[in-house]
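First to last, the protein sequences are chains A and B. Residues in the first sequence are numbered consecutively from 77, following our numbering. Residues in the second sequence are numbered consecutively from 77, following our numbering. Built from N, CA and C at the ideal position, the CB exists for glycine as well. All figures in this text were calculated on a predicted structure; none of them were measured in a lab.
Number of protein chains: 2
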Amino acid sequence: MHNNNDIDILISEVGPRDGLQSVKATMPTELKRQWISALAGAGLREIEIGSFVSPKLLPQMADAAQLVAHGRSLPGLFVTALVPNLRGAQAAFEAGVHKITMPISVSEPHSLSNIRKTHAQVFEEVRSVVALRNTQFPHIQIEAGLSTVFGCTIQGEVPEDDVIRMAVTMAEMGVDEVGLADTVGYANPTQVRRLFTRLRDSVGTVAGSAHFHNTRGQGLANVVAAIEVGVTTIDASQGGIGGCPYAPGASGNIVTEDLVYLLESMGLRTGVDIERLVAAREWLQRGLPGEPLYGFIPDAGVGKNFHYAKKDA
Amino acid sequence: MHNNNDIDILISEVGPRDGLQSVKATMPTELKRQWISALAGAGLREIEIGSFVSPKLLPQMADAAQLVAHGRSLPGLFVTALVPNLRGAQAAFEAGVHKITMPISVSEPHSLSNIRKTHAQVFEEVRSVVALRNTQFPHIQIEAGLSTVFGCTIQGEVPEDDVIRMAVTMAEMGVDEVGLADTVGYANPTQVRRLFTRLRDSVGTVAGSAHFHNTRGQGLANVVAAIEVGVTTIDASQGGIGGCPYAPGASGNIVTEDLVYLLESMGLRTGVDIERLVAAREWLQRGLPGEPLYGFIPDAGVGKNFHYAKKDA
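See below:
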């Protein structure tokens with residue numbers, strides 16, 4: 077587990093996975109290493125370092141194992157990776173991740189369209205992964221990242237009961253954490269408060285992170301709501317890369333730089349240094365020349381009255 | 077007073093004032109009229125229609141009186157205007173506004189730099205305006221729009237006690253409403269909750285609207301916080317025009333289109349039709365060709381599971 081007694085909110089940086097797998101270009105491994113080092117150096121404690129999928133499907137992610145090794149060499153960094161199936165889990169476990177996240181669509185039409193699997197087939201996969209972990213890699217954590225939780229572009233409305241039922245199923249299967257993701261940027265703060273409250277009521281300490289997209293500009297508003305109801309891990313990506321950017325100018329993921337500013341301004345310690353975080357963009361820009369990066373703080377800077385959160389402030 | 081029993085949150089559209097006075101070009105009066113009609117037609121109940129200042133200073137606002145007359149011709153529209161001094165107040169009252177807003181810097185260095193007036197001089201002006209209203213225009217409302225409330229680019233930190241003291245002074249002088257404005261985009265949700273709570277505790281029903289800028293991307297996050305502590309009027313501008321945009325791509329004001337989506341998704345009725353609101357951008361684009369407009373909803377559209385808020389939802 078993390079040793080994060082000196083922070084209030086854990087930011088899980090998903091740029092190296094969610095960001096880099098969404099762009100066509102492949103960032104060279106050496107620049108990814110430098111970028112990950114810079115992100116960790118800025119104070120980020122958890123980084124989703126890549127995706128263990130077929131390199132034919134996502135050549136951008138072919139170096140996931142190398143990056144896990146690099147991440148493990150950085151002191152204090154918690155290294156996670158995305159894993160869609162047993163084969164990926166085996167590879168990730170062997171590479172030495174601290175945690176894997178398995179994406180699970182609550183919407184079955186989305187699951188079928190996205191990974192061509194029914195819920196029954198997905199459950200089978202999760203069972204095998206948990207069994208493998210339990211027998212051979214007992215110290216590695218498994219997170220179920222429930223997607224299409226706040227609505228789905230195919231199914232439309234996703235009943236909240238379906239979300240909670242899926243969360244309970246995952247907890248019963250033995251995952252350590254269930255996170256909720258707004259895959260398509262539909263979430264609103266009222267819904268966020270309600271669903272994360274129900275999640276905690278249903279699965280207790282297995283209730284996990286919030287993953288919001290900024291497709292409709294509502295990302296940070298949803299973060300405020302999630303924090304109010306006790307969520308302590310928030311996903312974000314540097315420069316907002318990845319997610320599902322719908323339109324030019326619309327970032328996909330919420331922007332780590334703006335999130336750190338929000339949280340620290342609110343008196344919530346993240347452990348992240350904004351200046352060093354903004355400086356880390358340089359590696360991303362070198363690695364993905366011409367790729368648009370988002371965020372207000374890199375341009376506007378912090379306010380003149382800004383100060384970092386203090387303990388018990 | 078407004079008759080707004082059928083909405084939960086009043087959006088005060090400030091684009092025709094805050095937006096148009098911030099751009100160099102002057103939008104032709106006829107197009108302003110069409111734009112204001114389209115905004116009102118989309119369901120906006122309150123529009124800040126212009127600024128009663130010297131046309132030498134702000135030629136963009138020279139047609140304020142004509143636009144007030146136009147606004148008054150639109151059924152159900154509450155017509156407001158910005159007024160910096162007694163002379164402007166006289167003109168606005170005679171033009172037939174429902175309400176004026178007088179901007180009052182809590183930071184005295186900001187007041188001196190912005191309008192070359194000490195607090196004592198500002199108070200003198202407010203007293204004269206209230207006296208004029210009381211004797212000759214008793215039905216017109218006066219709002220004090222406190223600025224630099226959440227921090228100041230000149231003074232830095234602005235003590236919250238100074239904000240509350242200023243609010244109480246304004247209430248004692250007889251203004252009907254005291255709003256709080258984040259002039260430079262420094263506000264955070266924790267501070268927003270604290271200050272609006274203290275404002276209501278100090279001046280009761282005189283506590284007024286929230287005016288946030290999106291300079292650091294925190295605008296809608298601050299709206300969520302303001303609503304939680306009972307604020308029911310939120311300022312915004314179509315396309316985010318105006319405010320203090322710091323950097324390219326950074327809107328100044330919060331974007332009305334995205335705000336309506338946020339509120340309606342949360343189950344809070346605004347009375348605004350998103351499709352008609354987005355269509356109103358056409359007039360703004362015609363009136364200010366080439367001026368960048370912001371907002372996610374005009375590009376991304378509403379979610380497939382979106383529905384407007386219902387009473388007691």
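Look up residue i in the DSSP assignment and give the residues it is bridged to.
i                            : result
histidine 158 of chain A     : With the sequence shown as reference, residue 158 of chain A is identified as leucine, and histidine is not the correct amino acid for it. Paired residue(s): A:Ser127, A:Thr177.
asparagine 210 of chain B    : Bridge partners of asparagine 210 of chain B: none, in fact.
threonine 229 of chain B     : Paired residue(s): none; threonine 229 of chain B is not in a bridge.
leucine 256 of chain A       : A:Leu222, A:Ala286
alanine 58 of chain A        : Given that chain A is displayed from residue 77 to residue 389, the structure contains no residue 58 of chain A and the question cannot be resolved.
phenylalanine 311 of chain B : The question names phenylalanine, yet the displayed sequence has aspartate at residue 311 of chain B. Bridge partners of aspartate 311 of chain B: B:Ser88.
glutamine 136 of chain A     : The partner list for glutamine 136 of chain A (beta bridge, DSSP) is empty, contrary to what the question assumes.
glutamate 122 of chain B     : B:Ser88, B:Phe154
valine 331 of chain B        : B:Ser313
glutamine 217 of chain A     : A:Lys175
Just to confirm, is the Cβ distance from residue i to residue j under 7 Å?
i                            : j                            : result
serine 127 of chain B        : glutamine 97 of chain B      : yes
leucine 275 of chain B       : alanine 286 of chain B       : no
lysine 125 of chain B        : phenylalanine 169 of chain B : Position check: residue 125 of chain B holds isoleucine in this sequence, whereas lysine was assumed. No, the Cβ-Cβ distance between isoleucine 125 of chain B and phenylalanine 169 of chain B is not below 7 Å.
valine 239 of chain A        : valine 307 of chain A        : no
asparagine 298 of chain A    : alanine 263 of chain A       : yes
phenylalanine 372 of chain A : glycine 232 of chain B       : no
leucine 162 of chain A       : valine 205 of chain A        : yes
threonine 259 of chain A     : threonine 224 of chain A     : yes
valine 129 of chain A        : glycine 152 of chain A       : no
glycine 328 of chain A       : glycine 315 of chain A       : no
methionine 342 of chain B    : threonine 266 of chain A     : yes
isoleucine 85 of chain A     : leucine 339 of chain A       : yes
arginine 352 of chain B      : alanine 138 of chain B       : no
alanine 243 of chain B       : serine 278 of chain B        : yes
lysine 175 of chain B        : threonine 194 of chain B     : no
arginine 269 of chain A      : valine 300 of chain A        : no
glycine 147 of chain A       : threonine 177 of chain A     : no
valine 90 of chain B         : aspartate 349 of chain B     : no
glutamate 236 of chain A     : leucine 271 of chain A       : yes
threonine 413 of chain B     : lysine 380 of chain A        : Lying before the first or after the last residue shown, residue 413 of chain B is absent from chain B, which here runs from 77 to 389.
In chain A, which residues lie with their C-beta within 7 Å of the C-beta of residue i?
i                         : result
methionine 342 of chain B : Asn264, Pro265, Thr266
threonine 229 of chain B  : Lys380
alanine 301 of chain B    : Val300
From residue i to residue j, what distance separates their C-alpha atoms?
i                         : j                            : result
valine 254 of chain B     : proline 179 of chain B       : 10 Å
valine 336 of chain A     : threonine 346 of chain A     : 7 Å
leucine 344 of chain B    : asparagine 210 of chain A    : 47 Å
valine 331 of chain B     : glycine 172 of chain A       : 45 Å
glutamine 142 of chain A  : threonine 281 of chain A     : 32 Å
serine 88 of chain B      : aspartate 94 of chain B      : 11 Å
proline 365 of chain B    : glycine 366 of chain A       : 27 Å
alanine 114 of chain B    : proline 104 of chain B       : 15 Å
aspartate 82 of chain B   : arginine 109 of chain A      : 56 Å
histidine 433 of chain A  : leucine 369 of chain A       : Outside the modelled stretch of chain A, which goes from 77 to 389, sits residue 433 of chain A, for which no answer is possible.
valine 202 of chain B     : threonine 291 of chain B     : 29 Å
arginine 241 of chain B   : alanine 376 of chain A       : 30 Å
glycine 261 of chain B    : proline 374 of chain A       : 14 Å
glutamate 333 of chain B  : glutamate 200 of chain B     : 38 Å
threonine 245 of chain B  : lysine 387 of chain A        : 35 Å
tryptophan 111 of chain B : phenylalanine 213 of chain B : 28 Å
alanine 207 of chain A    : valine 251 of chain A        : 10 Å
lysine 100 of chain A     : glutamine 136 of chain A     : 8 Å
proline 185 of chain B    : leucine 256 of chain B       : 18 Å
arginine 192 of chain B   : isoleucine 123 of chain A    : 51 Å
arginine 121 of chain A   : alanine 385 of chain B       : 40 Å
arginine 357 of chain A   : proline 92 of chain A        : 12 Å
alanine 196 of chain B    : glycine 227 of chain B       : 21 Å
threonine 102 of chain B  : phenylalanine 154 of chain B : 24 Å
leucine 360 of chain A    : alanine 116 of chain A       : 14 Å
So with CB distances below 9 Å, who are the chain B contacts of residue i?
i                        : result
glutamine 197 of chain A : The contacting residues do not exist; glutamine 197 of chain A stays about 25 Å from chain B at best.
Would the C-beta of residue i count as close to the ligand SAH, meaning under 6 Å from any of its heavy atoms?
i                     : result
proline 92 of chain A : In the structure shown, the ligand SAH is absent, as is every other ligand, since no ligand is present at all.
Can you list the residues of chain B that residue i reaches, using a CB-CB cut of under 7 Å?
i                        : result
glutamine 294 of chain A : Leu296, Leu338
So which residues on chain A does residue i lean against when the C-beta distance must stay under 9 Å?
i                      : result
glycine 261 of chain B : Phe372, Ala376, Gly379
Taking Cβ-Cβ distances shorter than 8 Å, what residues in chain B pair up with residue i?
i                       : result
aspartate 84 of chain A : Here the premise fails: no neighbours, minimum Cβ distance about 12 Å.
Output, in chain order, the set of chain A residues within a Cβ distance shorter than 8 Å of residue i.
i                        : result
threonine 291 of chain B : Phe372, Ala376
aspartate 334 of chain B : Arg292, Gly293, Gln294
Near-chain A residues of the stretch 347-376 of chain B (beta-carbon distance less than 9 Å), N- to C-terminal order: Tyr370, Gly371, Phe372, Ile373, Pro374, Asp375, Ala376
What are the residues of the stretch 221-249 of chain A that lie near chain B, defined by any Cβ-Cβ distance shorter than 7 Å? If you check each beta-carbon in the stretch 221-249 of chain A against every beta-carbon of chain B, the ones closer than 7 Å belong to Gly227, Thr229, Gly232, Glu233.
Interfacial residues, the stretch 307-320 of chain A to chain B, with Cβ spacing under 9 Å: Within the stretch 307-320 of chain A, no residue qualifies.
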